[in-house]
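Engineer: Questions regarding the structure given below will be posed in turn.
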Amino acid sequence: MAGLIAAELAELGFTVEMTDVAGHGSQVTAHRRFGSGPDVLLLGHSDTVWPAGTAAAWPYTRTDDMIAGPGVGDMKSNLVMAVAALAQFARAESSARIGEVTVLIVPDEELGSSASREWIEAVARRADVCLGIEPGRPGGGVVVARGAVGAVRISAKGVSAHTTAVGGRSAISALAPLVHELEGLSDRDAGVIVTVGTFTGGTARQVTPDHAEMEVDLRAPSAQSADRLMAAVRSRVDAAGLALSGGLTRPAFEPGAASRRLYDVVAAASTSVGLPVHEVRERGGSDASFAGALGIPTLDGLGPITHDSCSRDERVEIQSLVTRGAVLARLLQAIAEERGQ
Numbered sequence: 086m087a088g089l090i091a092a093e094l095a096e097l098g099f100t101v102e103m104t105d106v107a108g109h110g111s112q113v114t115a116h117r118r119f120g121s122g123p124d125v126l127l128l129g130h131s132d133t134v135w136p137a138g139t140a141a142a143w144p145y146t147r148t149d150d151m152i153a154g155p156g157v158g159d160m161k162s163n164l165v166m167a168v169a170a171l172a173q174f175a176r177a178e179s180s181a182r183i184g185e186v187t188v189l190i191v192p193d194e195e196l197g198s199s200a201s202r203e204w205i206e207a208v209a210r211r212a213d214v215c216l217g218i219e220p221g222r223p224g225g226g227v228v229v230a231r232g233a234v235g236a237v238r239i240s241a242k243g244v245s246a247h248t249t250a251v252g253g254r255s256a257i258s259a260l261a262p263l264v265h266e267l268e269g270l271s272d273r274d275a276g277v278i279v280t281v282g283t284f285t286g287g288t289a290r291q292v293t294p295d296h297a298e299m300e301v302d303l304r305a306p307s308a309q310s311a312d313r314l315m316a317a318v319r320s321r322v323d324a325a326g327l328a329l330s331g332g333l334t335r336p337a338f339e340p341g342a343a344s345r346r347l348y349d350v351v352a353a354a355s356t357s358v359g360l361p362v363h364e365v366r367e368r369g370g371s372d373a374s375f376a377g378a379l380g381i382p383t384l385d386g387l388g389p390i391t392h393d394s395c396s397r398d399e400r401v402e403i404q405s406l407v408t409r410g411a412v413l414a415r416l417l418q419a420i421a422e423e424r425g426q
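Anchor point for the sequence shown: position 126 equals 211 in this note's numbering, and the numbering is continuous, going up by one each time.
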């Protein structure tokens, strides 16, 4: 996927660099200077949540108004749409009033971008605007803010023995009580969510388990609440004498005045092509979170309208590839016209 989009960008006059990341794929950096105006970062990713081979059992399909398949909206069609929007923008007279447009295609976004975060932040610091092409929400949703996300692994060690022997110590027994305790930190009304997503341990039914491990997902609406949540989790793990790794993987970001102006442009452009639009404050993170947390004017969720993202029912409204692509092209033109004078 990265190679296909990189080739399309090269045809549009972008200078393209591909850097292999062991175990993940290729980071794609594509940049083209149009003029001396504001610099724009466009963020997408080439990976999906689905394991290799999924398409064999769940192939791409198309009906009159929808396309479906693994990762079709998160975010294969988004990348195609973005290339088309960039091609449209490049033909516009106003493109001469924008600076450098940089496109980053991240290979490990669905894993938290642990191998790509420094690269993303380094490029974002040089940008005046960041546009994320994560899936658009049904009804025309555009993401104006995101909460913080954390991912931690908690492990326990015990002593292995046959269940009839004396001296065994169960790692599962040490870890299990923490499930209820950690999930009890959730306050969904306040946007704070703690979920134990996996729990593994032991080797056989008749053997006292000498190891156990669980992976925990953390969500919080702000940087402050995320720090408090992380501290609460750590204190409970420490009190139980267990080991913790990981932490906050994506920072929260709130829209500033410049981001609000970007949204106003998107709203006006959406209306002009007959597309509804509304603001979304997302609990989940994305690569755009890194730019937004650095204070870069940021909008996300600018991709095509996607239903049931990251599920077996994931599908994209075909017409939104046209309308949302037109909105993205118009947004680029507006950035050039407003800030490149």
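We put the beta carbon where it would ideally sit given N, CA and C, even for glycine.
Would residue 305 pass as a contact of residue 311 if the rule is Cβ separation under 8 Å?
Structural biologist: Yes, the Cβ-Cβ distance between residue 305 and residue 311 is below 8 Å.
Engineer: Roughly how many angstroms lie between the CA atoms of residue 256 and residue 248, to the nearest whole one?
Structural biologist: Using only the alpha carbons, I get a separation of about 13 Å.
Engineer: Unbroken alpha helix (DSSP H) runs of length 4 or more, entirely within the segment 344-412: which are they?
Structural biologist: Those alpha helix (DSSP H) runs which fall completely within the segment 344-412 and span 4+ residues are 373-378.
Engineer: Do you know whose CA, among 277, 125, 93 and 394, lies nearest residue 208's CA?
Structural biologist: Per the Cα distances, 125.
Engineer: List the endpoints of the continuous alpha helix (DSSP H) containing residue 88.
Structural biologist: Segment 87-96, the alpha helix (DSSP H) holding residue 88.
Engineer: With a CB to CB cut of under 7 Å and the five nearest residues on each side skipped, what residues in its chain are close to residue 344?
Structural biologist: The residues are 229, 382, 383 and 384.
Engineer: Can you grab the Cα-Cα spacing for the pair residue 333 / residue 160, in whole Å?
Structural biologist: Those two C-alpha atoms are separated by around 24 Å.
Engineer: Buried or exposed for residue 233, please, with buried defined as at least 16 other CB atoms from any protein chain shown within 10 angstroms of its CB.
Structural biologist: Buried is the call here.
Engineer: Give a yes or no on whether the C-beta atoms belonging to residue 183 and residue 420 are separated by under 8 Å.
Structural biologist: Going by C-beta atoms, residue 183 is nearer than 8 Å to residue 420.
Engineer: Out of 156, 298 and 340, which has the shortest C-alpha to C-alpha gap to residue 399?
Structural biologist: Considering only alpha carbons, the answer is 156.
Engineer: Using the C-alpha atoms, what's the distance from residue 302 back to residue 271?
Structural biologist: Spanning the two alpha carbons is a distance of roughly 11 Å.
Engineer: Are residue 324 and residue 241 touching if we call contact CB-CB under 8 Å?
Structural biologist: No, these two residues do not count as a Cβ contact at 8 Å.
Engineer: Over the uninterrupted alpha helix (DSSP H) stretch that includes residue 141, give me the two end residues.
Structural biologist: Residue 141 -> alpha helix (DSSP H) spans 139-142.
Engineer: Taking Cβ to Cβ, would you say residue 178 is nearer than 8 Å to residue 116?
Structural biologist: Result no, Cβ atoms of residue 178 and residue 116 do not sit closer than 8 Å.
Engineer: DSSP on residue 426, reduced to helix/strand/coil?
Structural biologist: Below a pLDDT of 50, predicted positions are generally treated as unreliable, and residue 426, at 45, falls in that range; no measurement from the model is reported.
Engineer: From this set, 393, 107, 252 and 225, which residue's C-alpha is nearest residue 438's C-alpha?
Structural biologist: Only positions 86 to 426 of the chain appear in the structure, and residue 438 is not among them; the question remains open.
Engineer: Work out the CA separation of residue 195 and residue 133 for me, nearest whole Å.
Structural biologist: So the alpha carbons of these two residues sit roughly 6 Å apart.
Engineer: Using C-beta distances below 8 Å, list every residue in its chain close to residue 356, excluding the 5 sequence neighbours before and after it, in chain order.
Structural biologist: 362.
Engineer: Nearest to residue 88 by CA position, among 231, 268, 103 and 371, is which residue?
Structural biologist: Nearest C-alpha to residue 88: 103.
Engineer: Select from 409, 275, 189 and 282 the residue whose C-alpha is nearest the C-alpha of residue 100.
Structural biologist: Closest by alpha carbon: 189.
Engineer: Check whether the Cβ atoms of residue 57 and residue 401 lie closer than 8 Å to each other.
Structural biologist: There is simply no residue 57 to check, as the chain begins at 86 and stops at 426 in what is shown.
Engineer: For residue 354, I'd like the list of residues in its chain whose CB is within less than 6 Å of its CB, leaving aside the five on either flank, ordered along the chain.
Structural biologist: Excluding positions up to five away in sequence, the list reads 412 and 415.
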